[in-house]
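For the sequence shown, our numbering gives the first residue as 88, with consecutive numbering after it. Cβ coordinates follow ideal geometry from the N, Cα and C atoms, glycine included. To start, the structure under review is shown below, and the notes come after it.
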Amino acid sequence: DRIGRARIIKEEELPSDKVYILKTVVLKDLRFDDTIEYTLVSPAEANFAENKISVESPIGKALLGKSRGENVEVQAPAGVLTYKILDIK
């Protein structure tokens with residue numbers, strides 16, 4: 088079923104100024120003043136050790152469609168996480 092619904096997404100088809108799947112996002116954690124970089128991928132490709140997070144994860148869902156400079160709040164088991172989007176690659 089998954090293969091039947093799959094389609095190839097070319098990077099040039101995605102807007103460069105918004106967060107979408109296959110984009111790498113540089114975030115500033117406003118709570119701890121740390122910087123982290125994540126690449127948004129499909130659930131099957133997610134690998135936290137490689138900073139690849141699923142678009143279906145809480146952070147991935149919160150980031151989708153956002154732009155550089157925006158603040159994003161994520162409801163996580165540890166509480167509310169707040170990030171600022173520094174860059175989208």
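C-alpha distance - A136 paired with Y125, whole-angstrom precision = In the sequence shown, the residue the question calls residue 136 occupies position 49. In the sequence shown, the residue the question calls residue 125 occupies position 38. Straight across, the Cα-Cα distance linking A136 with Y125 is about 10 Å.
Can you give the Cα-Cα distance for K115 and Y170, rounded to whole angstroms?
-> What you label residue 115 is simply residue 28 of the sequence shown in a count that begins at 1. What you label residue 170 is simply residue 83 of the sequence shown in a count that begins at 1. Approximately 5 Å, taken between the alpha carbons.
If you count every other CB in all the chains shown that lies within 10 Å of the CB of K97, and 16 or more means buried, which is it?
-> To locate residue 97, count along the sequence shown from 1; it is residue 10. Exposed.
Identified DSSP bridge partners for S141 = Walking along the sequence shown from the start, residue 141 turns up at place 54. The partner list for S141 (beta bridge, DSSP) reads V128.
Beta carbon of K110 nearer than 7 Å to that of S154 = Counting from one through the sequence shown, the residue named residue 110 turns up at place 23. Counting from one through the sequence shown, the residue named residue 154 turns up at place 67. No, the Cβ-Cβ distance between K110 and S154 is not below 7 Å.
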